[in-house]
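All residue numbers for the sequence shown refer to UniProt numbering, where the first residue is 1 and numbers rise by one.
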Amino acid sequence: MDAILHATPGNPIPGTPQVGFFEGHRGVRLRYAVFRSSAAKIKGTIVLVHGRNESIEKYFETIRDLNESGFWVATYDFRGQGGSERLLKKDPRKGHVGRFDHYVRDLEIFLEQIVLPDTRLPFFLLAHSTGGLIALKAAPRLSNRIERMVLTAPFVGLGGQKTSPENIRRIATLASFTGFGGISLTKDEPLKPFDGNPLTSDALRFARNQRIMADHPELALGPPTARWLYESQKAIEAIRKPGHLASITVPTVIIAPGNDPIVPYHYQESMAQYFRAGQLVPVAGARHEILQEQDRYRNQALAALFAFMPGGEPEESDPAGELTISTLEA
């Protein structure tokens with residue numbers, strides 16, 4: 001298996017990245033890429049941590065934006081998805097993980113083996129959804145390596161399901177401890193329609209991302225397994241504890257979409273109340289994948305990011321929940 005990136009119509013590869021594999025926890029092969037900026041002034045490196053069922057290709061547009069603003073970008077595909085090694089050989093489309101801490105250890109190995117020796121200081125972290133949960137789990141040990149973090153719709157609560165989160169947890173726990181952790185609790189739908197989707201209100205970006213999966217189905221992932229759900233819910237419980245949140249000292253901005261059915265806003269808001277190092281930036285009207293959203297939402301997220309990294313302050317939101325665009329220097 002070659003470590004390559006895939007361009008699709010309307011989604012070219014940014015620049016000439018360094019692409020390869022590194023050995024994650026317990027020897028799992030993980031695909032990574034480092035995108036160097038050609039800007040006159042380099043501000044550092046942003047470590048980009050994706051969500052579930054995402055790949056490097058999905059972030060080409062955002063990587064280009066970050067490069068143009070003077071940041072290098074280092075990113076990788078999670079174990080079991082994208083161009084990385086799959087964990088269930090009989091059904092590689094299933095989204096599975098043995099322990100959630102394996103994700104955390106993969107991130108730490110990536111920082112140690114790829115980011116530290118091969119990229120530019122200082123280091124920042126941008127994480128979405130499940131990537132945000134991984135970052136929050138790892139954060140107490142990141143204070144000496146990561147200067148600042150931006151989390152978009154971090155996976156700190158589950159919504160948008162026909163079954164309540166409590167029942168999902170019960171079913172997933174039972175399946176995991178009775179030898180059925182590898183089953184999926186929902187059916188596999190490889191390509192979903194735009195109408196009614198919970199991810200983005202931008203039809204063009206939605207179609208672009210669907211085209212990636214249609215042209216390169218080997219990058220796509222199906223529904224999560226019971227074990228994945230059990231492990232992720234257990235991780236959510238751990239990071240939501242006030243003691244854990246108080247132990248995080250990395251300054252953090254949480255960009256919370258206001259119309260997110262997957263990780264409802266109230267979960268992010270309630271978590272932020274106990275997060276001393278964190279500040280919540282609501283974006284009213286945006287759906288879950290804010291970096292894949294319409295420009296009127298996506299630009300607010302990028303404005304907050306560039307105001308906060310490498311050393312500004314996050315922007316305040318107005319009483320209606322819309323981000324106020326200021327002239328803070330990035």
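Quick reminder that beta carbons are idealized off the backbone N, C-alpha and C, glycines included.
Notebook entry, point to check: Taking buried to mean at least 16 other C-beta atoms within 10 Å of its own C-beta, is G95 buried or exposed?
Noted result: As a working mapping, residue 95 is identified with position 95 in the sequence shown. Burial call: buried.
Check: Going by the CB atoms, is the gap between L191 and R287 shorter than 8 Å?
Finding: For the purposes of this step, residue 287 is identified with residue 287 of the sequence shown, where counting begins at 1. For the purposes of this step, residue 191 is identified with residue 191 of the sequence shown, where counting begins at 1. Going by beta carbons, R287 and L191 fall outside the 8 Å limit.
Check: Cα separation between Y103 and E85?
Finding: As a first step, residue 103 is located in the sequence shown; it is residue number 103 there, counting from the start. As a first step, residue 85 is located in the sequence shown; it is residue number 85 there, counting from the start. Those two C-alpha atoms are separated by around 13 Å.
Item checked: Any alpha helix (DSSP H) of 4 or more consecutive residues that is wholly inside the stretch 193-219 -> Listed in chain order, they are 203-215.
Item checked: Assigned secondary structure, Q76 (DSSP; H/G/I helix, E/B strand, else coil) -> Here residue 76 refers to the residue found at position 76 of the sequence shown. Residue identity differs from the one stated: residue 76 is Tyr in this sequence, not Gln. In this structure, Y76 counts as strand in the three-state DSSP scheme.
Note to self: Contact defined as beta carbons within less than 8 Å: I believe M149 pairs with L111. What is the distance between those atoms, to the nearest angstrom?
What the structure shows: The residue given as residue 149 occupies position 149 in the sequence shown. The residue given as residue 111 occupies position 111 in the sequence shown. Contact flag wrong, Cβ pair sits at about 13 Å.
Note to self: Checking the sheet assignment: what are the DSSP bridge partners for Q279?
What the structure shows: Working through the sequence shown from its first residue, we reach residue 279 at position 279. In DSSP, Q279 forms a bridge with V253.
Next item on the list: Measure how close the beta-carbons of T178 and Y230 come, nearest whole angstrom, since I'm counting them as under 8 Å.
Entry: For this step, residue 178 is matched to residue 178 along the sequence shown. For this step, residue 230 is matched to residue 230 along the sequence shown. Between Y230 and T178 the Cβ distance is about 12 Å, and since that is not below 8 Å, they are no contact.
Item checked: Residue nearest to N53 in terms of C-alpha spacing, selected from D188, K89 and E61 -> For the purposes of this step, residue 53 is taken as residue 53 along the sequence shown, with counting starting at 1. When C-alpha distances from N53 are compared across D188, K89 and E61, the shortest belongs to D188.
Item checked: Spatial neighbours of V115 in its chain, beta-carbon cut-off 7 Å, leaving aside the 5 residues before and after -> Sequence index remark: in the sequence shown, residue 115 carries index 115 (1-based). Answer for V115: T45, V47, A74 and F123, listed in chain order.
Checklist line | Boundaries of the alpha helix (DSSP H) in which V104 is found, first to last residue | finding: The residue you call residue 104 lines up with position 104 of the sequence shown. V104 -> alpha helix (DSSP H) spans F100 to F110.
Item checked: Per-residue DSSP class, three states only, for N167 -> Numbered from 1 along the sequence shown, position 167 holds the residue referred to as residue 167. Three-state result, N167: helix.
Next item on the list: Would you mind working out which of T186, L291 and R208 sits nearest P193, comparing C-alpha positions?
Entry: Against the sequence shown, residue 193 aligns to sequence position 193. Nearest C-alpha to P193: R208.
Next item on the list: Flag this pair as yes or no: are the beta carbons of R79 and L121 separated by less than 8 Å?
Entry: As a first step, residue 79 must be located in the sequence shown, where it is residue number 79. As a first step, residue 121 must be located in the sequence shown, where it is residue number 121. In this structure, L121 does not lie closer than 8 Å to R79 by Cβ.
Item checked: Ranges of the beta strand (DSSP E) found wholly within the stretch 28-85, counting only runs of at least 3 -> 29-35, 44-49 and 71-76
Note to self: Can you look up T173 in the DSSP assignment and give me helix, strand or coil?
What the structure shows: Your numbering for residue 173 matches position 173 in the sequence shown. Here T173 sits in helix by DSSP.
Check: Would you call S38 buried or exposed, if buried means 16 or more other Cβ atoms sit within 10 Å of its Cβ?
Finding: Here residue 38 refers to the residue found at position 38 of the sequence shown. Taking all protein chains shown into account, S38 has fewer than 16 neighbouring C-beta atoms within 10 Å of its C-beta and is therefore exposed.
Notebook entry, point to check: Taking the C-alpha atoms as reference points, what is the distance between K43 and T163?
Noted result: If you number the sequence shown from 1, residue 43 lands on position 43. If you number the sequence shown from 1, residue 163 lands on position 163. Near 45 Å, if we compare the C-alpha coordinates of T163 and K43.
Next item on the list: On a CA-only basis, which of T252, P17 and L302 is nearest L136? Give me that one, please.
Entry: Locating residue 136 in the sequence shown gives position 136, where the first residue counts as 1. When only C-alpha atoms are compared, the closest one is T252.
Margin query: Please state whether the Cβ-Cβ distance between R227 and Q292 is less than 8 Å.
Written below: Start at 1 with the first residue of the sequence shown, and residue 227 comes out as number 227. Start at 1 with the first residue of the sequence shown, and residue 292 comes out as number 292. For R227 and Q292, no; Cβs fall outside 8 Å.
Note to self: Please report the straight-line C-alpha distance between S270 and D2, rounded to a whole angstrom.
What the structure shows: Looking up residue 270 in the sequence shown gives position 270. Looking up residue 2 in the sequence shown gives position 2. Going by the C-alpha atoms only, they are around 43 Å apart.
Next item on the list: Buried or exposed for K41, please, with buried defined as at least 16 other CB atoms from any protein chain shown within 10 angstroms of its CB.
Entry: As a position in the sequence shown, residue 41 is number 41, starting the count at 1. So K41 counts as exposed.
Next item on the list: In the DSSP assignment, find the unbroken beta strand (DSSP E) run with T186 in it and report its ends.
Entry: Numbered from its first residue, the sequence shown carries residue 186 at position 186. It is not in any beta strand (DSSP E) - T186 carries neither H nor E in the DSSP assignment.
Check: So what does DSSP say about H96, is it helix, strand or coil?
Finding: As a working mapping, residue 96 is identified with position 96 in the sequence shown. In the structure shown, H96 sits in coil (DSSP, three-state: anything other than H, G, I, E or B).
Next item on the list: Please name the residue in H25, V281, M309 and Y59 whose C-alpha comes closest to that of Q300.
Entry: Taking the first residue of the sequence shown as 1, we reach residue 300 at position 300. Among H25, V281, M309 and Y59, the Cα nearest to that of Q300 belongs to V281.
Check: When burial is assigned at 16 or more other CB atoms within 10 Å of the CB, is I13 buried or exposed?
Finding: Start at 1 with the first residue of the sequence shown, and residue 13 comes out as number 13. Label assigned to I13: buried.
Check: Assuming V34 contacts D118 under a Cβ cut-off of 8 Å, what Cβ separation, rounded to an integer in Å, is found between them?
Finding: Residue numbering aside, residue 34 sits at position 34 when the sequence shown is read from its first letter. Residue numbering aside, residue 118 sits at position 118 when the sequence shown is read from its first letter. With 8 Å as the limit, V34 and D118 qualify as a contact, their Cβ atoms being about 6 Å apart.
Next item on the list: Work out the CA separation of I183 and G285 for me, nearest whole Å.
Entry: As a working note, residue 285 is residue 285 in the sequence shown. As a working note, residue 183 is residue 183 in the sequence shown. G285 and I183: Cα-Cα distance of roughly 34 Å.
Check: Thinking C-alpha only, which one of E57, K89 and A214 is nearest V28?
Finding: Counted from its first residue, the sequence shown places residue 28 at position 28. Ranking E57, K89 and A214 by Cα distance to V28 puts K89 first.
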